[in-house]
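J.:
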Amino acid sequence: MEPRTQPDARLAPIEPDQSLHARWFWSRRETSRVLAVGAILLVLGTIVTTVSVRRISSLEDGVGVATAEIDPVLDALSDVRSGQLRELAAFDDAAHATDTVSQALLFEESRRALSETETAWREYLRTSLDLTGEREQQVRYEALRAETDVLSGLVGLAIVDGTALDDVIRTASFEDLRDKRAQQHAIVEQLTDDLYRPEAARRATALQDDIGGARREVRIIIALIALCGTALFVMAWRSSRNHERTTRRAEIERAERSRRDGLEARLHRALDMARTEVAAYDVVQRSLQQLVAGAPAEVLVADNAQAHFQQVLSTDAEHRGPGCPVVSPAECPAASGADTRRFLDSEALDACPHLRGRSGGACSAVCVPMRLAGTGIGVVHLTGPRGELPGPTVTSDVELVSTQAGERLGLLRLLAETTQQARHDHLTGLLNRRSLESAVARMEGDGEHYVVAYGDVDRFKALNDSYGHDTGDRALRLLSRVLRDSVRPMDLVARYGGEEFLVVLPRCSTTEAAEVIERVRSALQRELEGSMVPSFTISFGLASDEGGATFDSVVGRADQALLAAKEAGRDRILVAGGPLPGPRGA
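Position 244 of the sequence shown, counted from 1, bears residue number 335 in our numbering, the numbering being contiguous throughout.
1. For C423, write down the residues that DSSP places opposite it in a beta bridge.
2. With hydrogens ignored, establish whether the beta-carbon of Q376 is closer than 7 Å to any heavy atom of the ligand HEM.
3. In the DSSP output, what is G469 paired with across the bridge?
4. Is DSSP giving P672 helix, strand or coil here?
5. Helix, strand or coil: which one does DSSP assign to S630?
6. Taking just the CA atoms, how far does L220 sit from P163?
7. For Q402, list the residues DSSP reports as bridge partners.
8. Since F434 sits in a beta bridge, which residues does DSSP pair it with?
9. So the candidates are T641, A429 and L358; which of them puts its Cα closest to the Cα of D488?
10. Going by Cα to Cα distance, which pick from V241, L222 and S427 is closest to A398?
11. Where DSSP assigns a beta bridge to S635, which residues make up the other side?
12. Determine the closest residue to L61 out of R310, S264, R568 and C319, with distance taken between C-alpha atoms.
13. Check whether the region 616 to 631 touches the region 569 to 584, taking contact to mean three or more Cβ pairs, one atom from each stretch, closer than 8 Å.
14. Assuming L473 and A388 are in contact, meaning their beta carbons sit under 8 Å apart, how far apart are those beta carbons, in whole angstroms?
15. Look up H515 in the DSSP assignment and say whether it is helix, strand or coil.
16. Less than 8 Å between C-beta atoms, sequence neighbours within five positions excluded: which residues of the same chain meet that for S437?
17. By the DSSP assignment, the beta strand (DSSP E) with R598 in it spans what residues?
18. What are the boundary residues of the beta strand (DSSP E) that includes A585?
19. Are the region 594 to 614 and the region 651 to 671 touching, with three or more C-beta to C-beta distances below 8 Å?
20. Answer yes if the region 534 to 550 comes into contact with the region 626 to 636, meaning at least three C-beta pairs across the two stretches below 8 Å, and no otherwise.
21. Is the distance from the Cβ of G174 to the Cβ of T218 below 8 Å?
22. Which residues mark the beginning and the end of the alpha helix (DSSP H) in which R527 is found?
23. Under 8 Å, do I313 and G482 count as touching if we go by C-beta distance?
24. Identify the continuous alpha helix (DSSP H) that holds L554 and give its terminal residues.
25. In chain order, what residues of the same chain lie with their CB nearer than 8 Å to the CB of P424, ignoring the 5 residues before and after it?
26. Would you list the residues sitting across from F592 in a DSSP beta bridge?
27. On the DSSP bridge list, what partners appear for I664?
28. Considering only C-alpha positions, which residue in the set D373, A237, Y215 and R177 is nearest to N199?
29. Figure out for me which residue from L521, A640, R462 and H515 has the closest Cα to the Cα of E539.
30. Determine the contact status of D547 and I629, defining contact as a CB-CB distance below 8 Å.
31. What's the C-alpha gap between I468 and A652?
32. Taking T58 as part of the alpha helix (DSSP H), name the residues at either end of that continuous run.
33. Ends of the alpha helix (DSSP H) at A640?
34. Please name the residue, chosen from R145, Q229, A361 and R598, that lies closest to P580 on a Cα-to-Cα basis.
35. Go ahead and pull the three-state DSSP assignment for G320.
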């Protein structure tokens, strides 16, 4: 299993067309991006707040500007009104005065008030704003002013002519003067109350409305910034949390892959050093003991014929558990299938039938197939308490062990089969000539003495010609089985040629070897009586390695003895240097 290369979890995906600034931004850590967004929002908020405050201040200053334009006019009109009121008051007081001195003083007061009024009126004219309707009022005022000037002149002439003040006050000219002054006063009142004060109020209201609108805009903008900031912050926070979770998950996955890769590497090295199936089973057992500590586990492996299961190991050595009773791969749902089977309750309707009725009661189980080239050759069987299954990590580890073990067992069996084919004759299953010579060389190296029995089937060509080569092959296979079953466990049996066989009997004399070979010839006749193979016999020549003779020389002498046995009538045993009597050695 090759580990997949993962991108750095700190880096977000970057599209090819993104700008340099975008690449820089998205290459930052999530917390840095959150701080950057917050800083941008803070700067924007500060700018908007500053601009808004300045705008409101400008509008508030506008109120002062508007007041500064109208206030001088109102002040001038106020001075005009004040002078007019003083003048009218002086006229009224003079009309009611009883002595000439008082009347004279009051006339002087009215003159000073008129002077002040004229001065204030000129100031008003200078500062007036030419409001709508104002010009008409000014024209009326000026017309009345001209009339009052004429009346004032008449009153002044009367006084100069020596007319008594009391009489002057009672003249029509004086009454008209007073009336014209009152009309002028009314005009000033209209200018003040109907034009300038409403205009001042209107301007102030408009500016206040602008200020209120500006403040509302500021509040709306700040609310939008706050809303956007909150939304962006929440998004960044969620993104940060997701990034953290993704990072943690990636770290956990990397750690798990590293652990699993390490386990796979250790398993591979350990199994690679296992030269036999027994050694491989030991590696698997130690692996399972570490991975499923406390849970009973066993491995069932099929024989080479795929006919029967046998338990090759168990992590529970005391009870040999779990002790699955399945007999063959065909009967095992996991081995005959292609995937791991998990059973939460052995008594469930869809549970494996081989889980039911166990002495330990109901249980849970995991069955991991051990496969080779798509064929189930075994199963790793784990059991546990009812309703409790191993976690996915444990199951995955066991699957890894099963896969590696299956591959190693397949390789070992293939090597064994290849070795078997290289060392043995493909028709009879006996040792071939090269394997026999290698085994004898080891015996000679160990200083072990032996006897060679050289056998040949009598009239084998006639058997082939009469019954066919298939019958001849069956005859050779029957003879080979008899040879294997009749000689001693330490003896070496090989097919030396077409119908020629060689038996090497270590640590025995020629007499003892002759007894073993005679037992072979007798067993052959018994096997032929109950078989479909036509009857045939075999002749043997025996020779020993006496005197330190080489294997080739011993075989040569045994061959000479065999030829002598053939010439003596076949179906007999002859020892190099002296025959045994009779066809049956009798």
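C-beta atoms are modelled at their ideal positions from N, C-alpha and C, and glycine is treated no differently.
T.: This is what the structure holds:
1. Answer is none; C423 lacks a bridge partner.
2. This structure simply doesn't include the ligand HEM, nor any ligand for that matter.
3. Beta-bridge pairing links G469 to V392 and M461.
4. No answer about P672 holds up, because its pLDDT of 41 lies below 50 and its placement is not dependable.
5. When secondary structure is reduced to three states using DSSP, S630 falls in the strand class.
6. Approximately 10 Å between the Cα atoms of the pair.
7. Under DSSP, Q402 forms a beta bridge with L391.
8. For F434, which the question treats as bridged, DSSP gives the partners A456.
9. Among T641, A429 and L358, the Cα nearest to that of D488 is on L358.
10. Answer by Cα proximity: S427.
11. Paired residues: V542.
12. In the structure as shown, the chain starts at 92 and stops at 677, and residue 61 therefore has no counterpart that could be examined.
13. Contact holds: three or more Cβ-Cβ distances are below 8 Å.
14. About 5 Å separates the two Cβ atoms, so the contact holds.
15. Strand.
16. Only C443, L446, R447, R449, A453, C454, S455, A456 and R477 meet the Cβ criterion.
17. Careful: R598 lies outside any beta strand (DSSP E) and carries neither H nor E.
18. Run containing A585: L583 to R586, per the beta strand (DSSP E) assignment.
19. Yes, the region 594 to 614 is in contact with the region 651 to 671.
20. By the criterion of at least three beta-carbon pairs nearer than 8 Å, the region 626 to 636 is in contact with the region 534 to 550.
21. With contacts defined as CB atoms closer than 8 Å, G174 and T218 fail to qualify as a contacting pair.
22. Sequence inspection shows Leu at residue 527; the Arg mentioned does not correspond to that position. For L527, the uninterrupted alpha helix (DSSP H) run begins and ends at R524 to G536, by DSSP.
23. The criterion of a C-beta distance shorter than 8 Å is not satisfied by I313 and G482.
24. Counting along the chain, the alpha helix (DSSP H) containing L554 begins and ends at F551 to Y558.
25. If we look at P424 and ignore the five residues flanking it on each side, its Cβ neighbours are R432, C443 and C458.
26. Bridge partners of F592: G546 and R586.
27. Partner(s): F631.
28. Residue identity differs from the one stated: residue 199 is Glu in this sequence, not Asn. It is R177 whose Cα lies nearest to the Cα of E199.
29. For E539, the nearest C-alpha among the options comes from A640.
30. The answer is yes: Cβ separation under 8 Å.
31. Rounded to the nearest whole angstrom, the C-alpha separation of I468 and A652 is 50 Å.
32. The shown model of the chain, from 92 to 677, leaves out residue 58, and the question about it has no answer.
33. Under the DSSP assignment, A640 falls outside any alpha helix (DSSP H); it carries neither an H nor an E label.
34. Selection R145, Q229, A361 and R598 evaluated against P580 yields R598 as nearest (Cα-Cα).
35. Judged by DSSP in its simplified three-state form, G320 adopts helix.
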